[in-house]
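Below is one structure, written out as structure tokens; the observations come after it.
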Amino acid sequence: MSSASQSKQELPKGAFRITRENQYNAVPKIFRSYWIKLAEKNTYYNKTFMAEWADGLENELVLDAGCGQSSSLSRRNTPLLYLVGLDPLPEDMKINNELRWRVQGVLEALPFADNTFSGIHCDSVFEHISDPKLVVGEFHRILKPGGRVIINTNSVFNPFMFPNKFLSVKRREWLKEKLHITSEGTYPAPYRINTKRKLVGFLRRAGFSDIRIYRWGVPNVYHPRWFLVLQLLMELLAETPLFCGLKHRLMATCRK
Ligand SMILES: C[S@@+](CC[C@H](N)C(=O)[O-])C[C@H]1O[C@@H](n2cnc3c(N)ncnc32)[C@H](O)[C@@H]1O
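Per this note's numbering, residue 2 is the first one in the sequence shown, and the count goes up by one each step.
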């Protein structure tokens, strides 16, 4: 029996364990080489790029803003000795044992003095922010001069994200259940800062410089298959400059 089918048997009915192998197997043959290209780019941004961004911050105070249950910075093997996690949910942070310090709070009113941190990492949180001006202003305030920021978020133009802008969490969960779509937990997502123009505009007005934008995407839902195929077609379309806004992931780096 293959390891894939063994691990499948261990799971409760309807559950799907996401591994690179079973993601690959779920992709129709015609898309496989394209999927490998997407997955490699994803690995590059999540590992190599992240390690380069964190280079030199090993002994500096770095904030993981909206760290949740698991710090994606730690998952990315960046040896940050002074990583502080902040999240409004203490129960989630308790599970996050990769952080040296945990602080309960919100990005709109950061409980830190001016010029404290050398780096801020913020992954998958900006889609939940209702007052972006306040948040980027707070980032600027708590950063030391020359301090760096990395923001990873979802693009609002991605059609698989777009409905989130209008549907309540309850409606979204109901719709996902009806369409048999399984994905990770949901938080309210007003998407106020999730286009390149808005992200750059808010960061520039807060006083940041050296603002760079990156886009990439890899499907995040593998069942049902029709949904996966739609995502792959969308990623393909988004390879063209005209439709690049459709790319799933939007990332900004900048400096104070
Ligand atoms: C999708 S999770 C991402 C968690 C983690 N950053 C990661 O990449 O795995 C979104 C997180 O943002 C947090 N969050 C939502 N609104 C926030 C706010 N206004 N201030 C701080 N954190 C917030 C949530 O509590 C949640 O932990």
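We put the CB at the ideal spot given by N, CA and C, even for glycine.
As the structure is a prediction and not an experimental result, all values here were calculated from the model.
Any heavy atom of ligand 1 closer than 6 Å to the CB of residue i?
| i | result |
| --- | --- |
| D124 | yes |
| L90 | yes |
| H129 | yes |
| Q74 | In the sequence as displayed, the identity of residue 74 is Leu instead of Gln. False, no ligand heavy atom lies under 6 Å from that Cβ. |
| V107 | yes |
| G57 | no |
| G218 | no |
| G69 | yes |
Going by DSSP in three states, residue i sits in which element: helix, strand or coil?
| i | result |
| --- | --- |
| S73 | helix |
| T254 | strand |
| G202 | helix |
| F161 | coil |
| R85 | The sequence as given places Val at residue 85; Arg does not occur at that position. Strand at V85. |
| L247 | helix |
| A190 | coil |
| V126 | coil |
| L100 | coil |
Where do the N-terminal and C-terminal ends of the beta strand (DSSP E) with residue i fall, by residue?
| i | result |
| --- | --- |
| N155 | L144 to N155 |
| V63 | L62 to A66 |
Taking the alpha helix (DSSP H) that residue i falls in, what are its first and last residues?
| i | result |
| --- | --- |
| T117 | Neither: T117 is in no alpha helix (DSSP H) and is coded neither H nor E. |
| L176 | V170 to K179 |
| Y35 | R33 to T44 |
| R226 | R226 to L238 |
| I212 | I212 -> not in any alpha helix (DSSP H); beta strand (DSSP E) instead, spanning S210 to W217. |
| A316 | Here the chain comprises residues numbered 2 to 257, so residue 316 is not present and cannot be evaluated. |
| A27 | R21 to A27 |
| D93 | P91 to I96 |
Beta-carbon within less than 6 Å of residue i's beta-carbon, same chain only, minus the 5 sequence neighbours each way: which residues are those?
| i | result |
| --- | --- |
| V157 | Y192, N195 and T196 |
| T154 | F127, E128, N195 and L251 |
| K166 | Y192 |
Leaving out five residues on either side along the sequence, give the residues of the same chain with a beta carbon under 7 Å from the beta carbon of residue i.
| i | result |
| --- | --- |
| Q7 | Residue placement at Q7 cannot be trusted, given a pLDDT of 44 that sits under 50; the coordinates are not used to answer. |
| Y81 | The sequence given here places Leu at residue 81; Tyr does not occur at that position. The answer, listed in chain order, is A55, L58, E59, V63 and L74. |
| C245 | R216 and A239 |
| P112 | V104 and G106 |
| V137 | F203, L204 and A207 |
Going by beta carbon distance, what residues of the same chain come within less than 8 Å of residue i, once the five residues before and after it are set aside?
| i | result |
| --- | --- |
| V201 | I212, I214 and A253 |
| G67 | L87, D88, L108, C123, D124, S125, V126 and H129 |
| S72 | D65, L84, G86, N97, E99 and L100 |
| E139 | L108, E109, A110 and L111 |
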